[in-house]
Each structure stands twice: as structure tokens, then as C-alpha cells.
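K.L.:
The letter at position 160 of the sequence shown is residue 160 when you use UniProt numbering, and the numbering goes up by one with no holes. The beta-carbon is built from N, C-alpha and C at its ideal position, and this holds for glycine as well. Given the structure is predicted, the values throughout are model-derived calculations rather than measurements. Pasting in a structure now, in C-alpha cells, and then I'll have a few things to ask.
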Amino acid sequence: MMNVGRIKDLPTNVHQLGELKLQDMLSVSEPLTSKDTKDIEKKFKERRVFLFQQSMIFCDEIPAKDKYSSPNYIYKYELKINKLQHKEFKRSKEAFQFTLVEVDAGITRRVICQCKDDEQYELWVTSVNKVLQRQMDLIIGMHCLRIFYVFIHNNNLYRVLHIIPLRCYAMH
């Protein structure tokens, strides 16, 4: 968590991002808004990537000035977890890459992440999937709670006890 406190220009309070799940240096593309991926290899940059429960933060790293200091980070952009598409990652055959797709108000942004090896790739894909699954579980839970309150408000105890558990179980 120490590294998070050294992010400059972070547009939000770090405590609003939730628990830090993972951080590491990855080669990442700039966010792409078109389907055109020509010359994408030329646009990769080494960035410190922070995976939180609520967002993924991408930063440039400023190296430490001496052996007694730590690096600093400059905020570049973020992807909101609740706007990432929940789908299986498609792995490139030779490269350890995965693509993150954020959809917000009809605008799609893609960020390609390049890992250094298979171990780092598996760690990142597994961690991102866990955060996305937790987000999906929260959405399902909120939906079930909303159904529950509607039926209670309508005084329909039979539905509360019999139909809601079946419907919510089927959603999971």
C-alpha cells in the first residue's frame, strides 16, 4: 500500500478505490477507442498498474533518486471495474497479453496489457477475474435485495419465501 500513497495527480481519494489487490509493472497500450490496432506494438509503455476493487490505475514510474528513497508515480489513466466487460480473456499465442474493455456511455476503450512471462500473466488474469466476479456477485445480490423489498412492500410473503430464493439462485 506504500506505493499507492506516492501516486501524483490521482483524481480521487485512494480510499474510495477499495482494497489494493495487485500491483506490478506491465507494458500497456494507451486506451484505444477505435477497432484499429495497426502499429499497436509501437505504442506500448512500461507502466505501474494498480488493481483495486473499484478501479485499475495506470501510472508512469519515476525512479528513486538514491538507494534510500522510493520511486514515485504519475497518474495517467484509469479503468473503472464496474464498467469493464465481464468476459473471458483471449490470450495471444506468443505474447502474454490480455485486453481490458471498458464501456461507458456507449464509448468503448480498450487497453492491451503485456506481461513478461506466463506466471505474471496468470496472476493478473486470475486477479482481474476475481475482482470482476466480486462485482458481478454484488450486482446480483443488489438485484435480489430489490426483488425482496418489492415483494415485502406488496405483502406477498409466499413469494418472498419461495420464489425469490429460486430466482436469485438461478442468477448465480
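Taking the C-alpha atoms as reference points, what is the distance between Ser29 and Gln133?
P.N.:
Distance between the alpha carbons of Ser29 and Gln133 is about 24 Å.
K.L.:
Is Lys97 buried or exposed, if buried means 16 or more other CB atoms sit within 10 Å of its CB?
P.N.:
The sequence given here has Gln at residue 97, not Lys. With 16 or more other Cβ atoms within 10 Å, it is buried.
K.L.:
Work out the CA separation of Asp24 and Val49 for me, nearest whole Å.
P.N.:
Rounded to the nearest angstrom, the two C-alpha atoms are 6 Å apart.
K.L.:
Just list the beta strand (DSSP E) runs in the region 4 to 31, keeping only unbroken ones of 3 residues or longer that don't cross its boundaries, in chain order.
P.N.:
With a minimum length of 3 residues, the continuous beta strand (DSSP E) runs that stay inside the region 4 to 31 are 20 to 28.
K.L.:
By Cβ distance below 7 Å, which residues in the same chain neighbour Glu46 in space, the five residues on each side in sequence not counted?
P.N.:
Once the five neighbours on either side are set aside, the close Cβ partners of Glu46 are Met25 and Ser27.
K.L.:
Would the beta-carbon of Lys130 fall within 9 Å of that of Lys21?
P.N.:
It is a contact, given that the beta carbons lie within the stated cut-off.
K.L.:
Report the rounded CA-to-CA distance for Tyr169 versus Ile139, giving the unit in angstroms.
P.N.:
Legend: pLDDT at Tyr169 = 49, less than 50; position of this residue unreliable, no value from coordinates given.
K.L.:
Looking only at its chain, what residues have a beta carbon closer than 6 Å to the beta carbon of Lys80, apart from the 5 residues adjacent to it on each side?
P.N.:
Excluding sequence neighbours, Lys80 sits near Ser55.
K.L.:
Can you check DSSP and say which residues form a bridge with Glu78?
P.N.:
Ile57, per the DSSP bridge assignment.
K.L.:
Identify whether Lys67 lies in helix, strand or coil by the three-state DSSP scheme.
P.N.:
If DSSP states are grouped into helix, strand and coil, Lys67 belongs with coil.
K.L.:
Could you check if Ile62 is buried or exposed, using at least 16 other CB atoms within 10 Å of its CB as the buried criterion?
P.N.:
Counting Cβ neighbours within 10 Å, Ile62 comes out exposed, since fewer than 16 surround it.
K.L.:
Considering only residues of the same chain and omitting the five flanking positions on each side of Leu32, which have a CB-CB separation below 6 Å?
P.N.:
Closer than 6 Å at the Cβ level, and outside the excluded window around Leu32, lie Arg110.
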